[in-house]
Each structure stands twice: as C-alpha cells, then as structure tokens.
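**Student:**
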Ligand SMILES: [Zn+2]
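Residue numbers (this note's numbering): 594 to 852.
1) Hey, residue 750 and residue 649: beta-carbon distance below 8 Å or not?
2) Would you please state the rounded distance, in angstroms, between the beta carbons of residue 736 and residue 709? I believe it to be under 8 Å.
3) For ligand 1, is there any heavy atom lying closer than 7 Å to the beta carbon of residue 744?
4) Would DSSP call residue 740 helix, strand or coil?
5) Would you call the stretch 668-679 and the stretch 763-772 in contact, with 3 or more CB pairs under 8 Å?
6) Using 10 angstroms around the beta-carbon of residue 593, count the other beta-carbons present and answer buried if the total reaches 16, otherwise exposed.
7) Could you give the DSSP three-state label for residue 714: helix, strand or coil?
8) Distance, Cα to Cα, residue 598 vs residue 636?
9) Flag residue 696 as yes when its Cβ comes closer than 7 Å to any non-hydrogen atom of ligand 1, and as no otherwise.
10) Considering only residues of the same chain and omitting the five flanking positions on each side of residue 587, which have a CB-CB separation below 8 Å?
11) Exposed or buried, residue 785, counting other C-beta atoms within 10 Å across all chains shown (16 or more means buried)?
12) Any residues whose CB sits closer than 6 Å to a heavy atom of ligand 3? List them in chain order?
13) Which residues mark the beginning and the end of the alpha helix (DSSP H) in which residue 650 is found?
14) Does the distance from the CB of residue 763 to the CB of residue 646 come in under 8 Å?
15) When burial is assigned at 16 or more other CB atoms within 10 Å of the CB, is residue 680 buried or exposed?
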C-alpha cells in the first residue's frame with residue numbers, strides 16, 4: 594500500500610498490528626480515502642460521489658463500472674445508482690496540496706483525520722464541527738440550508754473499523770429489504786390463490802343459484818298451466834250446468850204451454 598493508488602490496508606492486515614500501530618495504520622487508510630477513489634484507487638477529481646459507507650469515488654469511473662457491470666464483490670452494497678450520491682464538494686484552492694478537497698466555509702481540508710460529513714439530501718460536504726461552530730440547532734444544511742434528518746448524514750472517509758461497522762449495518766438492511774420483498778411476493782401468491790378459490794366458489798354458487806332459479810321457473814310455469822287447466826274445467830262445467838238449467842226450463846215451459 595501507499596499513496597500510489599494501490600489497495601488500502603484491509604482488516605486482516607490490521608489485525609496483525611499492535612494497538613497504537615493499528616490506530617496509525619487505520620488513520621492512514623482514512624487519509625488515503627480522502628485522496629483516492631475507493632473503487633479505482635485513482636486520485637480523486639470532480640465530479641465526486643459517495644456511498645452510504647462514506648467512501649469517495651470518481652463519479653465517472655463509478656458510472657463506467659456500472660455500465661460495464663464490473664462492480665467488485667466487496668462493493669456489493671452499490672446495487673444501483675440510487676446507492677450513490679453525487680457530491681457538492683469544494684476543491685482545495687491550493688492545487689499542490691495533497692488533499693484535493695476542503696470545507697467551503699471553514700476551509701479545513703478533507704484529510705481523513707478531521708471528521709467530514711456529506712448529506713444524502715443535497716450532497717453538500719462540510720467539516721463536521723461547522724454545525725457546532727455556527728451554532729446551527731435545526732437540521733438544515735449549513736451550505737444550502739436544505740432540511741435533512743439524522744439518517745441523511747454520511748461520515749466521509751471512515752477508518753477500516755468504522756467502515757466494517759457501517760458495512761455490517763448496510764448489509765443487514767439490504768438483507769431485511771430482500772426478505773421483505775420475498776415475503777410480499779409469497780403473500781401475493783397466497784392471496785392470488787385464495788382469490789382464485791373464492792372466485793371459483795362464487796361461480797359455483799352462482800351456477801347453482803341459476804339452476805335453482807331455472808327449476809323454480811319451470812315449476813311455476815307448470816303450476817300456472819295446471820291452474821289454468823283447472824279454471825277451464827270449472828268454467829266449462831259451470832257453462833254446461835247453465836245450459837242444462839236453461840234446457841230444463843225450456844222443456845218445462847213447453848210442457849206447460851208458457852211460451
Ligand atoms: Zn446542502
């Protein structure tokens with residue numbers, strides 16, 4: 594390792610070191626993160642982006658890696674472009690300085706040792722103590738005044754220990770979201786099946802109702818027909834009786850000469 598853009602010291606290497614050495618080594622890593630793109634290890638140059646872990650990247654190199662689908666496994670937290678934020682970062686006016694960026698208000702250089710923050714909402718980058726120094730109480734960006742929440746704060750250029758903690762958190766969140774998606778899919782499948790069953794059941798009930806209605810209508814028709822027949826019979830018999838009565842009267846009148 595060193596300032597040649599090679600790989601940063603990894604945890605395994607750091608574990609072998611004694612505590613004070615480890616601290617120095619860890620700070621050295623943070624310092625390198627303030628100078629070199631965490632993905633390509635090239636010197637950082639605008640436009641710059643960061644991820645939730647707080648690594649800095651040359652935005653164009655990152656885009657190219659996305660397009661070529663060449664994101665290494667150790668950066669699997671960069672699932673898509675939503676997982677990076679393009680930064681509003683200020684270049685060091687001293688171009689010969691080893692650190693390329695500064696806080697636009699305090700002029701402190703982003704050197705990996707001083708704590709710097711980026712805000713996920715607006716992308717502004719500033720020296721962490723600025724908020725305290727300016728006595729800003731509400732959560733508003735000290736550069737552009739856009740409101741933000743605690744969740745939007747990204748600590749830039751973490752040491753390896755800090756990065757490990759952040760990575761573990763991120764991976765947990767990713768796993769949780771994936772699990773939720775899976776559960777939702779399963780839930781949808783189950784409700785689909787239930788819906789299908791319900792629809793089938795409804796259809797069945799409808800068909801049976803229709804069948805029943807059909808039968809009832811037939812029965813009613815038959816009943817009506819039978820009633821009609823009965824009425825006819827009654828009418829006919831009444832008619833016959835009337836005729837009989839008239840015939841009898843006529844015969845009787847003839848017999849008694851009442852015509
Ligand atoms: Zn801002």
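Ideal Cβ placement from N, Cα and C applies to all residues, glycine included.
**Tutor:** Short version:
1) Going by C-beta atoms, residue 750 is nearer than 8 Å to residue 649.
2) With 8 Å as the limit, residue 736 and residue 709 do not qualify as a contact, their Cβ atoms being about 12 Å apart.
3) No, the beta carbon of residue 744 sits no closer than 7 Å to any heavy atom of ligand 1.
4) Here residue 740 sits in strand by DSSP.
5) Yes, they touch.
6) For residue 593 there is no data in the structure shown, the boundaries of the chain being 594 and 852.
7) In the structure shown, residue 714 adopts coil according to DSSP, grouped into three states.
8) With a pLDDT of only 39 at residue 598, under 50, the local geometry of the prediction cannot be trusted, and the value read off the model is given with reservation. Cα-Cα distance, rounded: 7 Å.
9) The closest heavy atom of ligand 1 lies 7 Å or more from the beta carbon of residue 696.
10) Nothing can be reported for residue 587, as the shown portion of the chain is limited to 594 through 852.
11) The Cβ neighbour count for residue 785, taken over all protein chains shown within 10 Å, is under 16; the residue is labelled exposed.
12) Looking at this structure, you won't find ligand 3 anywhere; what it does contain is ligand 1.
13) From DSSP, residue 650 is part of no alpha helix (DSSP H) but of the beta strand (DSSP E) over 649-651.
14) The criterion of a C-beta distance shorter than 8 Å is satisfied by residue 763 and residue 646.
15) Buried is the call here.
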